[in-house]
Each structure stands twice: as structure tokens, then as C-alpha cells.
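Enquirer: FYI, the numbering for the sequence shown is 0 to 187, going by numbering that gives the first Met the number 0.
Have a look at this one.
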Amino acid sequence: MFLMDDIVRDGDPVLRQEAKKVKFPLSADDKKLAHNLMEYLEVSQNPELCEKYKLRAGVGLAAPQVGVSKMMASVLVPNDDENEKGKPLFKDVIINPVIVSNSVQRGALTEGEGCLSVDRDVPGYVPRSARITLKYQDVDGNEHKIRLKNYPAIVCQHEIDHLHGILFYDHINKDNPFKRDDDEVFIY
Ligand SMILES: O=CN(O)CCNC(=O)c1cccc(Cl)c1Cl
Ligand code: NI
Numbered sequence: 000m001f002l003m004d005d006i007v008r009d010g011d012p013v014l015r016q017e018a019k020k021v022k023f024p025l026s027a028d029d030k031k032l033a034h035n036l037m038e039y040l041e042v043s044q045n046p047e048l049c050e051k052y053k054l055r056a057g058v059g060l061a062a063p064q065v066g067v068s069k070m071m072a073s074v075l076v077p078n079d080d081e082n083e084k085g086k087p088l089f090k091d092v093i094i095n096p097v098i099v100s101n102s103v104q105r106g107a108l109t110e111g112e113g114c115l116s117v118d119r120d121v122p123g124y125v126p127r128s129a130r131i132t133l134k135y136q137d138v139d140g141n142e143h144k145i146r147l148k149n150y151p152a153i154v155c156q157h158e159i160d161h162l163h164g165i166l167f168y169d170h171i172n173k174d175n176p177f178k179r180d181d182d183e184v185f186i187y
């Protein structure tokens with residue numbers, strides 16, 4: 000199981016590299032990596048276990064963040080309203096992901112973003128595409144082509160950025176971190 004000690008921090012060159020495409024069928028190691036990347040999110044989103052293992056909670060985790068420069072990331076975006084009986088908004092390990100199209104309209108989380116690999120708060124809006132069409136392979140090699148919007152779209156873009164050596168604060172406006180463009184959607 001990954002713990003905070005396994006998380007590579009900003010400054011390590013692996014976080015600024017272009018990750019390598021993953022070959023199918025997955026090797027045993029890559030299957031284990033995929034499992035561990037998702038397990039981290041599940042454990043970190045469980046209050047008791049998060050506390051027990053002293054984790055920082057996350058809704059995504061990219062392989063370069065555990066020192067593996069491969070095109071793989073886990074995404075687990077919980078459903079915040081109770082009545083959905085905990086069915087996540089999006090849950091999968093996205094392998095060789097490609098954003099095949101994105102909306103002109105931009106979107107950002109009102110509370111900004113954070114990153115396990117960045118040990119400091121970097122305030123400001125992280126402008127991203129409000130909606131994306133994402134193509135990826137799952138651990139079984141099945142091709143998926145899905146349209147995402149709002150929180151899941153933002154998280155997937157944060158993770159895919161990691162695979163291209165980009166960190167969230169690269170997108171924050173230097174002069175005015177909380178600059179709001181009039182056609183931007185803000186996601187709570
Ligand atoms: O790359 C993944 N992480 O660094 C895990 C920790 N950050 C988050 O869970 C997180 C928090 C806020 C907004 C976004 Cl978009 C994300 Cl992704
Ligand atoms: Ni991150």
C-alpha cells in the first residue's frame with residue numbers, strides 16, 4: 000500500500016518528465032501499480048483509515064507521483080450527496096489517456112486545487128476546460144471514450160497533466176491568481 004513516504008515531491012525531476020505509454024497486456028507489475036494507485040484513493044477517502052495511515056486525501060493519483068514515469072493514473076471522484084448511496088461520479092484507472100476534444104468554455108474549482116506532490120498551499124483558480132472528451136484504456140485493455148464535465152473533468156485534467164510533467168500551479172495566473180473570465184464556470 001502506498002503511504003505518504005512513497006509520494007514524490009515537487010523538485011524531483013520525475014514530476015517534470017513526459018511519462019511513457021503503457022503496453023498491453025499489462026505486466027504483473029503494472030497490474031499491481033494500477034491496483035495500488037486506486038487503493039490509495041479508497042483508503043485516503045475513508046476517514047478512519049486516512050487518519051490511521053496519516054495520509055493526505057486524494058481524488059486522483061498519477062504514477063509519476065510514486066516515482067513511476069508511466070501513462071497511468073487512478074481517479075476516484077466521490078458523490079457528495081448522500082442519497083446517491085456513495086456511487087462515485089467517476090472511478091477508474093485511466094491508462095494512456097488522451098483528451099480528444101475539449102470545450103472552449105473554461106472551468107475552475109472555486110476552492111482551487113491541491114497536489115500530494117506539492118507540500119504547500121498555492122492559492123488561485125486553475126483554469127481548465129469545463130468539459131472534455133477523454134479516451135483511455137482500462138486495466139483490461141478495453142478502450143473507453145467518455146465525455147466528462149465539472150469535478151470529474153477537472154480531476155482527470157489534473158491527473159493527465161501529471162503524465163506530461165505539468166503541475167496545477169503552472170496554470171495559475173501570476174498577476175491575478177483569482178482572475179475570473181466572464182464565460183468561465185466555477186465548480187463548487
Ligand atoms: O494528482 C493527484 N493528487 O495530487 C492528489 C491530491 N490532490 C487532489 O486530490 C485534488 C485536490 C483538489 C483538486 C484536484 Cl483536481 C485534485 Cl486532483
Ligand atoms: Ni496532483
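Glycine is no exception: its CB is placed at the ideal position from the N, C-alpha and C atoms.
Note that the structure is predicted; figures quoted are calculated from it, not measured.
(1) Would you check if the distance between the CB atom of residue 121 and the CB atom of residue 9 is smaller than 7 Å?
(2) Whose C-alpha, out of 170, 140, 123 and 127, is nearest the C-alpha of residue 33?
(3) What distance in whole Å lies between the Cβ atoms of residue 63 and residue 107, which are believed to be in contact at a cut-off of 8 Å?
(4) Can you give the Cα-Cα distance for residue 6 and residue 45, rounded to whole angstroms?
(5) Going by Cα to Cα distance, which pick from 4, 158 and 90 is closest to residue 112?
(6) For residue 76, tell me which candidate among 12, 154, 132 and 182 has the shortest Cα-Cα distance.
(7) Thinking just about the alpha-carbon of each residue, which of 150, 125 and 180 is nearest to the one in residue 131?
(8) Give every residue of the same chain whose Cβ lies closer than 7 Å to the Cβ of residue 38, excluding the five residues on either side of it in the sequence, and list them in chain order.
(9) To the nearest angstrom, how far is it from the Cα of residue 56 to the Cα of residue 180?
(10) For residue 24, tell me which candidate among 136, 4, 160 and 148 has the shortest Cα-Cα distance.
(11) Below 6 Å, is the gap between the Cβ of residue 114 and the nearest heavy atom of ligand 2?
(12) What alpha helix (DSSP H) runs, 4 residues minimum, are completely inside the segment 12-74?
(13) Just grab the DSSP bridge partners of residue 142 for me.
(14) Which one or two residues does DSSP pair with residue 148 in a beta bridge?
(15) Assign residue 5 to one of three DSSP states: helix, strand, or coil.
(16) Which residues in the same chain have their Cβ closer than 6 Å to the Cβ of residue 110, if we skip the five residues on either side of it in sequence?
(17) Whole angstroms is fine: what's the gap from residue 20's alpha carbon to residue 148's?
Expert: On the basis of the supplied data:
(1) Within the sequence shown, residue 121 is the residue found at index 122, counting from 1. Within the sequence shown, residue 9 is the residue found at index 10, counting from 1. Result no, Cβ atoms of residue 121 and residue 9 do not sit closer than 7 Å.
(2) Taking the first residue of the sequence shown as 1, we reach residue 33 at position 34. Of 170, 140, 123 and 127, the residue nearest in Cα terms is 140.
(3) Counting from 1 along the sequence shown, the entry for residue 107 is found at position 108. Counting from 1 along the sequence shown, the entry for residue 63 is found at position 64. That pair is no contact at about 23 Å.
(4) Translated into positions along the sequence shown, residue 6 becomes position 7. Translated into positions along the sequence shown, residue 45 becomes position 46. Annotation: residue 6 to residue 45 spans about 19 Å, alpha carbon to alpha carbon.
(5) The residue you call residue 112 lines up with position 113 of the sequence shown. Residue 112 has its Cα closest to that of 158, out of 4, 158 and 90.
(6) For the purposes of this step, residue 76 is taken as the residue at position 77 of the sequence shown. Checked all of 12, 154, 132 and 182; the closest Cα to residue 76 is 154.
(7) Against the sequence shown, residue 131 aligns to sequence position 132. The closest CA to that of residue 131, considering only 150, 125 and 180, is found on 150.
(8) Translated into the one-based positions of the sequence shown, residue 38 becomes position 39. Result list for residue 38: 0, in chain order.
(9) For the purposes of this step, residue 56 is taken as the residue at position 57 of the sequence shown. For the purposes of this step, residue 180 is taken as the residue at position 181 of the sequence shown. Each residue's alpha carbon lies about 30 Å from the other.
(10) Here residue 24 is taken as the residue at index 25 of the sequence shown, counted from 1. Residue 136 is the option with its Cα nearest to residue 24.
(11) Taking the sequence shown and counting its residues from 1, the one referred to as residue 114 is at position 115. Indeed, a heavy atom of ligand 2 lies less than 6 Å from the Cβ.
(12) 27-43 and 46-51
(13) Counting from one through the sequence shown, the residue named residue 142 turns up at place 143. BP columns for residue 142 point to 136.
(14) As a first step, residue 148 is located in the sequence shown; it is residue number 149 there, counting from the start. The partner list for residue 148 (beta bridge, DSSP) reads 130.
(15) Residue mapping note: residue 5 aligns to position 6 of the sequence shown, counting from 1. Residue 5: helix per DSSP, three-state reduction.
(16) If you number the sequence shown from 1, residue 110 lands on position 111. Same-chain partners within the cutoff: there are none.
(17) Residue 20 sits at position 21 when you count from the first residue of the sequence shown. Residue 148 sits at position 149 when you count from the first residue of the sequence shown. Distance between the alpha carbons of residue 20 and residue 148 is about 25 Å.
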